[in-house]
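In mature numbering (1 follows the signal peptide of the UniProt record, and there is no 0), the protein residues as written are -16 to -1, 1 to 670.
So, in structure tokens, the structure goes:
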């Protein structure tokens, strides 16, 4: 009986996998572990240290050594310090990064080789990650980090081989599809150039090429070549490729605002019969293409006039050939017009990848895959529209239930699922014509409808679950919440939640009593116990138990920047005049009017969100800002108002939506003429 129990136990070990996001196939060979607290070195195989992956989507792949240096910083972030050294073999208490000679073991769902696979081997003395390429080794380091967080820095002993099932996974798993031109759509204004100019339209890549002078705008929302290059480099350092899109010939008001003569009667569309249309589109691709470090670019080609299908297909083919000729890059479009076998029909060439987005627009299987096209699945089953969708067609945030039950039979979603209701519309899981899956977030109601952080919160809770399915993992719904709670706060190199470490619910407290103000160092002590002491700047001083401000540059500087949801920020203020920033930070500001209005207002992303509350002059008012989930409230005394936005929906009606705005904390009182006291930031909310 004892032998039987041991045998059963070993069999159970052998069948195990590493529970993470994604799950990792792994054979556990011992009940012992390797403790990362003993780690002192990351050794990079000398023979491969400068090797770079050549098979991925990026043209700027990091070397194995560069990935190791990023990994080193991530380990330090969880309290594991190690040096990076070159070497030729694994040694005790080290992580050895190398490349595997047997590439055949790393395959995707279609059974084809992938450079993103890796072998993870853990012994009692250390860890070896053998990648199919440096990128594969990088994904192996992500598994090590996750397991360290889940298991108190201890990794189970054994071996596993892991590869993604699909080569494109987004948003930002390994691909960030970034729209660099778009506009607000209001059909009532699209028939007139003058009215169309009233609508927001943006073209976000700046260029010194005189051929495109005046195209890039708004100027404060455009990427310079150096900034966009830096953004791509940062993404590539973590295995993510930016896939840029300029939209044409539909959704092209950024172009028609600039060149109205090449528009159709609908100013959101280019006139493909106009002799200057194709040269115009080519001109801005030529100006930008060398700044795009991806092997594929997206030319949009979404939702064009169905009266001009042949002209559309000819345009797509011409642009695909042109982009290939000047850059060697391939082209992608949105699924718009399925190929036709009718006499005289012109179809999009099959070397153009199609991004399927709605089963009502095309049938990804019968229209495209069965006709020899490759596709990326962006079916609107996982669409999100910031703040509101017309008719509430889409959920308010990424739906975890759809992740774990998004197949027609109720099982988990996978990238080959083009139709969650009808299995006959779905290709097999091993179809080589499905490159992967990209979830989508749209901002249809314009730049004032939502903030960047609100977009993040729409995907925050569900995206990791979807990432498991995009990879091909087998994560179960019952395991997800616990894993998410452990892993999400430790995601390296970011703080999108705008967390602030605190010993208790009171995060910051400035009372301005004489016992907590140092006149020698101009320091105001933080009474919360967290040590977030402030410094008096530019003539600010403390008198009578209050912060004294001169209406110019005097302010209290804090060591903090912003606090994300949830929070309560309370204070008392005696203003002598309107204007100035009660609080300001990198993500938002809280203003006592802005020169044209005396109303209190929060500002985020350079857009003001006022409430119908005004501070009385020359008397004390108690003010409170509360962030509760997706809502923000401002109170003055007993009066309380929610911060909201009115959104125009397709030009047809207005819809009110909530605003969630981070607490601004970097500077207190800059531009305020008056006094402030009893400043407190708390994580407690009603």
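We put the CB at the ideal spot given by N, CA and C, even for glycine.
Classify residue 385: buried if its beta carbon has 16 or more other beta carbons within 10 angstroms, exposed otherwise.
By the 10 Å Cβ count, residue 385 comes out exposed.
When you compare the stretch 654 to 661 with the stretch 543 to 560, are there three or more beta-carbon pairs, one atom per stretch, that lie closer than 8 Å?
Yes: the two stretches touch, three or more of their Cβ pairs being nearer than 8 Å.
Hey, which unbroken runs of the beta strand (DSSP E) at 3 residues or more fall wholly within the stretch 21 to 54?
Whole beta strand (DSSP E) segments, 3+ residues: 25 to 29.
For residue 559, report the span of its beta strand (DSSP E) as first-last.
551 to 559 is the extent of the beta strand (DSSP E) around residue 559.
CA-CA distance, residue 585 and residue 562?
Going from the Cα of residue 585 to the Cα of residue 562 covers about 12 Å.
Look up residue 143 in the DSSP assignment and give the residues it is bridged to.
Paired residue(s): 11, 105.
Is residue 397 helix, strand or coil when you go by DSSP?
DSSP places residue 397 in coil when its eight states are reduced to three.
Starting from residue 448, follow the alpha helix (DSSP H) in both directions and report where the run begins and ends.
Looking at the DSSP string, the run of the alpha helix (DSSP H) that includes residue 448 is 447 to 455.
Roughly how many angstroms lie between the CA atoms of residue 201 and residue 27, to the nearest whole one?
So the two alpha carbons sit approximately 47 Å from each other.
Tell me, to the nearest whole angstrom, how far the beta carbon of residue 583 is from that of residue 596; I am working on the premise that it is less than 8 Å.
Confirmed, about 6 Å.
I'd like to know if the stretch 587 to 596 and the stretch 619 to 631 are in contact, where contact means that at least 3 CB-CB pairs between them fall below 8 Å.
Touching, per the Cβ criterion.
Taking C-beta to C-beta, are residue 332 and residue 300 nearer than 7 Å?
Contact: yes.
For the alpha helix (DSSP H) that residue 436 lies in, which residues bound it at each end?
Looking at the DSSP string, the run of the alpha helix (DSSP H) that includes residue 436 is 436 to 444.
Going by other Cβ atoms of all chains shown within 10 Å of its Cβ, with 16 needed for buried, is residue 682 buried or exposed?
Because residue 682 is not part of the residues shown, which for the chain are -16 to 670, the question remains open.
Could you give the residue range of the beta strand (DSSP E) that holds residue 532?
Unbroken beta strand (DSSP E) run through residue 532: 530 to 534.
May I have the straight-line CA-CA distance separating residue 211 from residue 162, to the nearest angstrom?
In a straight line, the C-alpha of residue 211 is about 14 Å away from that of residue 162.
Go through its chain and collect everything with a Cβ distance to residue 338's Cβ below 7 Å, but skip five positions before and after it.
Same-chain partners within the cutoff: 317, 319, 352, 357, 359.
At what residues does the beta strand (DSSP E) containing residue 576 begin and finish?
That run of the beta strand (DSSP E) goes 572 to 576.
Do you know how far the Cα of residue 7 is from the Cα of residue 670?
In a straight line, the C-alpha of residue 670 is about 38 Å away from that of residue 7.
Looking at residue 228: is its Cβ nearer than 7 Å to the Cβ of residue 276?
The answer is yes: Cβ separation under 7 Å.
What is the DSSP secondary structure of residue 483, counted as helix, strand or coil?
It is coil, neither helix nor strand.
Going by C-alpha distance, which of 430, 389, 82, 370 is nearest residue 614?
Here the closest residue by C-alpha is 370.
Would you mind listing the beta strand (DSSP E) stretches within the stretch 283 to 319 that are 3+ residues and don't spill past its ends, in chain order?
For the stretch 283 to 319, whole beta strand (DSSP E) runs of length 3 or above, ordered along the chain, are 314 to 318.
Using CA atoms only, rank isn't needed, just tell me which of 166, 80, -1, 87 is closest to residue 428.
Per the Cα distances, 166.
Under 7 Å between the Cβ atoms of residue 504 and residue 440?
In this structure, residue 440 does not lie closer than 7 Å to residue 504 by Cβ.
Leaving out five residues before and five after residue 666 in sequence, what residues of the same chain have Cβ atoms less than 6 Å from its Cβ?
489, 490, 552.
Looking at the secondary structure, which residues open and close the alpha helix (DSSP H) in which residue 213 lies?
Run containing residue 213: 209 to 220, per the alpha helix (DSSP H) assignment.
Between the Cα of residue 74 and the Cα atoms of 97, 50, 109, 53, which residue gives the shortest distance?
Comparing Cα positions, the closest option is 109.
Out of curiosity, what's the CA-to-CA distance linking residue -13 and residue 18?
Residue confidence is low: residue -13 scores 31 on pLDDT, short of 50, so the model does not pin down where it sits. No coordinate-derived value is stated.
Can you round the beta-carbon distance between residue 101 and residue 145 to whole angstroms, since I take them to be within the 8 Å contact cut?
Contact flag correct, Cβ pair sits at about 7 Å.
Output needed for residue 195: all residues of its chain with C-beta closer than 7 Å, excluding positions within five of it in sequence on either side, in chain order.
For residue 195, where only same-chain residues beyond five positions count, the Cβ hits under 7 Å are 267, 271.
How is the alpha helix (DSSP H) around residue 462 delimited, first residue to last?
Note, residue 462: alpha helix (DSSP H), 461 to 471.
Let me know the alpha helix (DSSP H) ranges lying completely inside the stretch 131 to 198, each 4 residues or longer, listed in chain order.
If we require 4 residues or more, the alpha helix (DSSP H) runs fully inside the stretch 131 to 198 come out as 177 to 180.
Given that a residue counts as buried once 16 or more other Cβ atoms are within 10 Å of its Cβ, and exposed if not, what is residue 637?
Under this definition residue 637 is an exposed residue.
Alpha carbons only, please: which of 238, 89, 653, 94 is nearest the one belonging to residue 185?
When each option's Cα is compared against that of residue 185, the closest is 238.
Suppose you measure from the CA of residue 38 to the CA of residue 46; what does that come to, to the nearest Å?
Approximately 10 Å, taken between the alpha carbons.
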